[in-house]
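Structure, as structure tokens:
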Amino acid sequence: MNRSLRRRQLRTTGIGPGELLVATGFTDPEHGPVRCAAAPAVAAAAQRACTPHRTGRATGTRTARRVRLAPAPTSHDTTGDAVLSTASYLDRQGRAAGFAVAAHLGDPAALAVAEQVMDRWFQTLRSRRLVLAGADPMCWGGRRAVELIGAALKERRTPVYMLDRPIADQHHLQALLDRGAITVDDLHHVPPGATVAFTAPGASLAARAEAAARGLDVLDCTCPLAAAAQADVRAYADRGDTVVVIGHRRHAASAALTGQAAESVVRVADLDDVAGLGRDAAGPHTGRPIDPARVSFVVQTGTPIEQAAPIIAALRARFPRLRGHHYDALCYAASDRAATIRAAATASDLMLVAGSARPSDARDPDTDTVTAEAARTGTPVHIIGDAGDLRAEWVAGADTIGLATTRAAPAGLPSEITAVLAGLGPLTVVTQRTGTRTTDPDPDRHDDAIGAGDRPFPAH
């Protein structure tokens, strides 16, 4: 790329004072037609450079101007009334790529912004790798639920009310909503006789009882692993045990799992919670006494196993007669996804998270979870909610960039980010994925839920 890299100024037309044009394509006198795949990010940078501060006062070249994306006509003589500042190169297939910004000759401030933006993005041009964290934002159980609800919508041609938001990315969720699915947070919102879907996390006993009492048509899409964990909670509570549920309260599986035996369940999320069991009136067990000979544990589906393991060890040290569900019924989806994200981040100079770029208190929790997992590696991490969020200063020194996708990412965003990066130099895209498979040594004796996550899921 370096030998073919050219930066030059050309003349163009159709741009007036008070605006900037970021080219979606132009013609270079040497390279010919040039594709500008990075134009959305360059345009966003130009708009930021032209936006006055919130005080309303322009500082330096920060004078409000309109920035538009369009093909830039070029003139190889000096008759144009605007300057098109360009950068272009030839990729491995000999195709020309690059970017360009144009401003009117009679607008010195706009010309200065154009040069400033070009200077910054010119520094990003290089060959690089993009490492995709290949873990699906949707777990096997979540995909199964989406397929079941989609099939019900097609077959019944009537609305399907989904109790709580399904564990699905934006694309699949919107597809269900467009076909007539309706999300509700309480069964009171479901009309009598209508179809209600219990999504992958399942439903509490109280919700199931209410649905039956009201004669609702129940579509049970509970993940088999979640159903197995819920059955364990009921069984342990029925034999008189205190059931310690390991996992965070914010997780989608929380309410349905603890709702299997609310009076017998206590929740722990870390080692401090284990230490406080039954001791602190403000702690996780509100001070109720625990019979140390009658304690069982259940790991909440969606909890990374590496987080649960030290908690189980602490519970065993505290309650030597601890019992719990068999390890081959654990859900490894969260662990595999976390390991995949860490592997991609560790291999990268910069990690991008395709998700929600809203303030943290308004973001989808999945965006925060993925961002925190990547940040544990020490690699710089940035959340991207739109291809225009990509900054030149982030990528300028990065030879390898990682990309992880969250459930909050708008449909198509990962592809848009990839396209922008491909417009900043020859790009090699690789995918990393970590997977765990449970091997059942005696399949005839165990429940069908064991290894459910290993079963292939139908292609879309």
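Adding 19 to a residue's 1-based position in the sequence shown gives its number in the working numbering. Just so it is clear, CB atoms sit at the ideal spot from N, CA and C, and this is done for glycine as well.
Check                                                                                                                                                       : Outcome
Taking Q189 as the reference, give the member of D155, G212, A213, H207 with the closest Cα.                                                                : D155
In chain order, what residues of the same chain lie with their CB nearer than 6 Å to the CB of T74, ignoring the 5 residues before and after it?            : Because T74 carries a pLDDT of 47, less than 50, the predicted location of this residue cannot be relied on, and no value is offered for it.
Only counting runs of 3 or more residues, tell me where the beta strand (DSSP E) segments fall wholly within the region 383–411, in order along the chain.  : 400–403
When the Cα atoms are used, what is the spatial distance from A58 to F118?                                                                                  : 6 Å
Of all the options A288, L290, A248, which has the alpha carbon lying nearest to the alpha carbon of G278?                                                  : A248
For L349, does the count of other Cβ atoms within 10 angstroms reach 16, so buried, or fall short, so exposed?                                              : buried
What is the rounded straight-line gap between the Cα of R268 and the Cα of L235?                                                                            : 28 Å
Could you round the C-beta distance between L149 and I420 to whole angstroms and report it? I think they count as a contact, below 8 Å.                     : 5 Å
What is the rounded straight-line gap between the Cα of R67 and the Cα of S104?                                                                             : 18 Å
Is F217 helix, strand or coil when you go by DSSP?                                                                                                          : strand
My guess is that A101 and D110 are in contact by the Cβ rule of under 8 Å, so how many angstroms apart are they, rounded?                                   : With 8 Å as the limit, A101 and D110 do not qualify as a contact, their Cβ atoms being about 28 Å apart.
Would DSSP call L238 helix, strand or coil?                                                                                                                 : strand
Out of V263, A352, L196, which has the shortest C-alpha to C-alpha gap to V484?                                                                             : Residue 484 lies beyond the stretch modelled for the chain, which goes from 20 to 479, so this question has no answer here.
Near A394, what residues of its chain come up, given a Cβ to Cβ distance below 7 Å and the 5 sequence neighbours on each side ignored?                      : V400
Does DSSP classify G161 as helix, strand or coil?                                                                                                           : helix
What's the call for E392, buried or exposed, on a 16-neighbour Cβ count within 10 Å?                                                                        : buried
Quick check on M8: does DSSP put it in helix, strand or coil?                                                                                               : Outside the displayed range of the chain (20 to 479) lies residue 8, so it cannot be described from this structure.
Going by beta carbon distance, what residues of the same chain come within less than 6 Å of A281, once the five residues before and after it are set aside? : none
Would you call the region 201–209 in contact with the region 439–453, where contact means no fewer than 3 C-beta pairs closer than 8 Å?                     : no
Let me check one thing: in DSSP terms, what residues is H123 bridge-paired to?                                                                              : A101
Would a check of beta-carbon distances place Y108 closer than 9 Å to chain B?                                                                               : In the structure shown, chain B does not exist; there is a single protein chain.
For G266, which of A328, A228, D239 has the nearest alpha-carbon?                                                                                           : A328
Helix, strand or coil, according to DSSP, for P52 in the structure here?                                                                                    : strand
Where does T277 fall in DSSP's three states?                                                                                                                : helix
To the nearest angstrom, how far is it from the Cα of I201 to the Cα of T214?                                                                               : 10 Å
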